[in-house]
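Beneath this line is the structure, given in structure tokens, with notes to follow.
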Amino acid sequence: MYGKEEQRRLFDLSKRLLLQAPDPVNALDASAMAAELRETIIYHEWRYYTLNDPVVSDFEYDMLYKKLQAVEARFPDLVTPESPTQRVSSDLTEEFALVEHLTPMLSLDNSYDAADLASFDERIKNYLGLPADLDIEYCVEPKFDGGTIALVYENDQITRAATRGNGALGDEITPNIRTLRSVPLRAEFSKFGIAKAELRGEAIIRKDVFVKMNEQRAADDLPLFANPRNAATGGLRTKDPSETSSRRIEAFVYQLGYAVDANGNSAFGLLKSHDGTIDLLGNLGFKIPQKSTDGGERRVCRNIAEVAAFCNEWQAKREQYAYEIDGMVVKANSLELQQRAGSTAHHPRWAIAFKFKAKQATTKLLHVEFQVGKIGSITPVAKLEPVALAGVTVSSVSLHNEDFIRNKDLRLGDTVLVERAGDVIPYIVKPMEELRDGSEREIAFPTNCPVCQSLLVRAEDEAAWRCENPDCEAQLLQRMIYHVSKHAMDIDGFGESQIERFYRLGWLRNIADIYRLDYEAIAKLEGFGEKSATNLRKAIGKAKQNPIHRLLHSLSIHHLGIKASKILAAEIENVMDLQGWDGERFRQIKDIGPVVTANVIRFFQHEKNVGLLREMESLGVNFTQTEDDRPKAVSADAPLAGKTILFTGTLAKMGRKEAQAKAEAAGAKNISAVSGNLDYLIVGEDAGSKLKKAKELGTVTILTEDEFLTLVDG
Ligand code: IVH
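Letter by letter, the sequence shown follows residues 27 to 740 of this note's numbering.
Here's what the structure looks like:
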């Protein structure tokens with residue numbers, strides 16, 4: 027539909043409009059600007075809705091949209107019927123029956139900062155002719171990022187549920203909504219004189235539930251959901267209510283849109299405030315944003331300044347919240363004031379959305395740096411033109427490996443889409459191919475180590491290129507950093523920056539040096555002092571006593587993870603025993619594969635490594651098996667002794683990890699697939715293909731979670 031040239035022009039045009047477009051002063055300028063805004067917005071809508079592939083962030087789109095709204099508001103003659111502002115959004119499909127909402131479901135105007143909020147407050151007072159210094163009370167709650175729903179209750183029964191649709195008409199999805207446990211099928215509205223009510227709310231999936239659901243889908247070889255919102259809206263619009271049920275969707279209600287008594291007269295009379303209405307809905311059994319004066323998600327604020335502070339507080343902690351939210355919704359608390367302020371055709375005058383900072387943005391890929399890891403793996407890191415993303419400035423992101431670069435076809439000079447979601451570190455979603463002008467250059471992967479210059483090699487089955495020089499300075503440094511880290515020797519208060527500092531001072535060349543530091547010299551360093559030096563000495567002294575599985579893992583032997591280190595530690599009296607082991611000896615140990623075997627053997631063949639270990643031992647590092655290293659004995663009469671077990675579906679009473687630990691304590695071994703080797707399959711809610719396969723096999727004992735608990739706990 028749009029050619030490459032055309033797309034580049036529209037993209038540049040939107041950037042220009044965003045950056046420098048001044049407010050037009052005369053109708054002629056305004057007309058030109060409105061035309062430019064319209065064509066860019068229509069383009070971005072096509073990218074977003076038709077292609078599912080936006081080239082600007084939601085924030086940038088909103089800004090363009092707002093600019094157009096502002097111009098059209100100032101020069102109403104410029105509004106055309108095909109202007110994006112005149113479109114009513116719709117998610118209708120033909121599969122569901124259409125129903126009319128009892129009152130139209132409006133959308134919300136947007137704000138982005140304290141100044142926007144202040145002008146919203148001012149607008150209300152202006153409109154209602156209230157004094158400018160009057161404090162309006164607002165109720166603020168999260169703007170849930172899920173699927174909007176409308177629920178109708180008649181004579182205390184749920185009679186209908188629908189999607190938002192185009193605001194006037196929605197899809198009827200009653201059977202699906204009835205499966206959501208957070209939606210009461212019956213609620214005593216009649217107690218409050220309400221015979222018929224329509225509630226608005228949001229269907230949403232908890233972030234942690236979403237992650238587990240996708241893990242399960244991956245295990246079952248099903249396609250993954252892109253995000254919790256898609257999983258929720260998709261779940262609402264399926265023709266199979268059991269599918270809706272399996273997605274563990276929850277529904278928050280945040281608005282009473284319609285309420286009449288038995289005679290059809292308004293039943294809002296008893297209700298005074300939005301906050302009180304929400305509490306009432308909570309009392310009727312609905313899931314509502316919880317109120318709390320400290321840390322809660324809903325708050326009544328005395329004035330707009332308090333609103334701004336609360337919104338900013340939530341912007342900072344949105345990632346910690348259990349649900350995806352894309353902003354806060356600010357509502358005048360007094361229902362009487364709401365009534366008087368009324369609505370425009372699009373949105374209520376008494377409410378506004380405060381949108382959080384974008385999580386996606388576009389920026390330029392300037393160049394690529396190649397970093398050397400502790401086992402010599404080369405990681406390409408993209409250096410970006412700094413860009414603001416969900417409250418932080420991003421200028422550097424990992425590109426993982428060469429395949430990542432090739433699969434995404436990234437090039438130097440590309441405009442790239444960067445995303446930062448949840449606690450996830452920022453990553454490049456993709457290059458904007460349509461914005462290339464031919465000046466982009468291929469990213470050349472180095473053939474030699476950027477630090478020691480030795481030739482890089484790439485094993486057939488590995489993603490990374492590696493520097494194989496064990497004396498490479500970059501590797502030595504990374505290995506020391508890893509050695510002291512939480513996962514390895516866990517030396518409290520000793521981290522990357524101290525290691526780097528001591529390394530630059532020439533005090534550290536290898537991991538043995540960590541155990542011969544001169545604490546008097548450290549105490550004299552700027553920023554250290556006696557106390558810190560003493561603390562470091564104590565922490566290192568403590569680490570010397572570590573169980574040997576930590577030591578084994580801390581050596582950065584390729585593929586020797588924590589689990590394999592524990593298995594090996596359980597088999598040896600002393601770390602140096604491994605020096606005499608051959609392949610045959612390793613083969614006798616279950617769960618130690620040929621790759622780990624080869625790497626451990628190679629490590630101990632290297633004289634330098636053995637020398638390093640001997641040094642560490644002489645410096646007092648523990649080399650002998652401790653109680654913690656010995657396998658926990660399981661008696662032969664443990665309830666699941668010698669059995670294999672697998673959990674599938676969602677467990678109700680415990681997490682997957684906890685269940686597996688319980689099984690292990692009862693003597694069982696957790697395995698990951700259904701096969702003839704499997705003794706027990708424990709099925710939680712929504713078990714899928716694994717249950718089916720186990721049934722087909724006919725040799726597996728299938729237990730419910732409760733049966734499993736009875737078996738192991740007696
Ligand atoms: S109030 C008349 N409150 O945001 C009041 N909406 O454009 C209109 N949304 O899709 C809605 N959380 O479903 C309201 N706490 C909240 C909300 C909320 C999410 C959604 C709403 C609609 C959009 C508003």
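Glycine included, every Cβ here is placed at the ideal spot set by N, Cα and C.
As the structure is a prediction and not an experimental result, all values here were calculated from the model.
Return yes when at least one heavy atom of the ligand IVH lies under 7 Å from the C-beta of residue i, else no.
i: K233; result: no
i: T210; result: The sequence as given places Pro at residue 210; Thr does not occur at that position. The answer is no for P210.
i: F312; result: no
i: P102; result: no
i: R190; result: yes
i: L297; result: no
i: K381; result: no
i: Y164; result: no
i: T174; result: yes
i: F146; result: no
i: F649; result: no
i: P472; result: no
i: Q504; result: no
i: L143; result: no
i: F170; result: yes
i: E276; result: no
i: Q316; result: no
i: L677; result: no
On a CA-only basis, which of the options is nearest residue i? Give me that one, please.
i: E228; options: K238, A187 and I220; result: A187
i: V166; options: W72, I67, K265 and E339; result: E339
i: A244; options: T303, T727, S698 and V355; result: S698
i: I68; options: L531, P110 and A53; result: P110
i: K332; options: A408, D161 and P168; result: Rather than Lys, the amino acid found at residue 332 in this sequence is Glu. Of A408, D161 and P168, the residue nearest in Cα terms is D161.
i: E126; options: L134, A158, I199 and A96; result: I199
i: F37; options: G290, Q95 and T441; result: T441
i: Q316; options: I330, Y347, K298 and A335; result: Y347
i: L503; options: L481, N536 and R492; result: N536
i: G196; options: I150, L124 and Q341; result: L124
i: R682; options: D663, A667, S701 and E711; result: E711
i: E254; options: E269, R263 and R273; result: The residue you asked about is not Glu; residue 254 is Pro in the sequence shown. Among E269, R263 and R273, the Cα nearest to that of P254 belongs to R273.
i: S133; options: E350, A408 and V355; result: V355
i: K93; options: V423, L44 and L578; result: L44
i: D487; options: Q524, E148 and D429; result: D429
i: T270; options: Q112, G219 and L206; result: L206
i: F294; options: I220, G567 and A416; result: I220
i: K721; options: V326, G702 and K634; result: G702
i: K265; options: E121, K217 and A713; result: E121
i: L735; options: R328, K634, P472 and K679; result: K679
i: S216; options: E108, I598, N495 and V286; result: V286
i: Q341; options: D139, E684 and R34; result: D139
i: E345; options: K233, H373, A691 and L296; result: K233
i: D617; options: M602, G724, K688 and A596; result: A596
i: L581; options: R542, G553, S299 and L639; result: L639
Contact criterion: CB-CB distance below 8 Å. Does residue i meet it with respect to chain C?
i: V738; result: Protein chains in the displayed structure number just one, and chain C is not present.
Is residue i close to the ligand FMN? I mean its beta-carbon at under 7 Å from any heavy atom of the ligand.
i: E98; result: Of the ligands this structure carries, namely the ligand IVH, none is the ligand FMN.
Just confirm the distance between the C-beta atoms of residue i and residue j, as a whole number of angstroms; I'd bet it's less than 8 Å.
i: I454; j: V444; result: 6 Å
i: Y545; j: R563; result: 5 Å
i: L282; j: T259; result: Actually they do not touch by this definition, with Cβ atoms about 23 Å apart.
i: D246; j: S715; result: 5 Å
*Do the segment 379-397 and the segment 78-93 meet, that is, are 3 or more Cβ pairs less than 8 Å apart?*
yes
*For the segment 196-261, list the beta strand (DSSP E) runs that are entirely contained and at least 3 residues long, ordered along the chain.*
222-230
*Enumerate, from N- to C-terminal direction, the unbroken beta strand (DSSP E) stretches of 3 or more residues contained entirely within the segment 404-452.*
404-415, 418-424 and 441-445
_Cβ contact (3+ pairs, closer than 8 Å) linking the segment 553-566 and the segment 643-658_ = no
*Mind the definition here: the segment 394-406 touches the segment 181-201 only if three or more C-beta pairs lie below 8 Å; say whether that holds.*
no
*asked:* My parser needs the alpha helix (DSSP H) runs of 4 or more residues fully inside the segment 32-69; what are they?
replied: none
*asked:* I want to know whether the segment 693-711 touches the segment 721-736 - three or more CB-CB distances under 8 Å.
replied: yes
*Whole beta strand (DSSP E) elements within the segment 166-195, 3-residue minimum*: 173-180 and 183-189
_Inter-stretch contact at 8 Å, needing at least 3 Cβ pairs: the segment 307-316 / the segment 365-375_ = no
_Every unbroken beta strand (DSSP E) inside the segment 471-500 [3 residues or more]_ = none
_At 3 residues or longer, what runs of the beta strand (DSSP E) sit wholly inside the segment 668-734?_
670-674, 706-709 and 727-730
*Should the segment 620-633 be regarded as contacting the segment 657-674, the criterion being three or more beta carbon pairs within less than 8 Å?*
no
*Does the segment 38-53 touch the segment 88-108, meaning 3 or more C-beta pairs lie closer than 8 Å?*
yes
*Would you be able to state if there are at least three C-beta pairs under 8 Å between the segment 632-643 and the segment 672-682?*
no
_Measuring CB atoms only, is the segment 127-147 touching the segment 214-232, in the sense that at least three cross pairs come out at less than 8 Å?_
yes
*asked:* Between the segment 490-508 and the segment 598-614, can you find at least three pairs of beta-carbon atoms closer than 8 Å?
replied: no
*May I ask you to verify whether the segment 478-493 touches the segment 456-468, counting CB pairs closer than 8 Å and requiring at least 3?*
no
*At what residue ranges does the segment 533-585 contain a whole run of the alpha helix (DSSP H), taking only runs of 4 or more?*
545-549, 555-570 and 574-580
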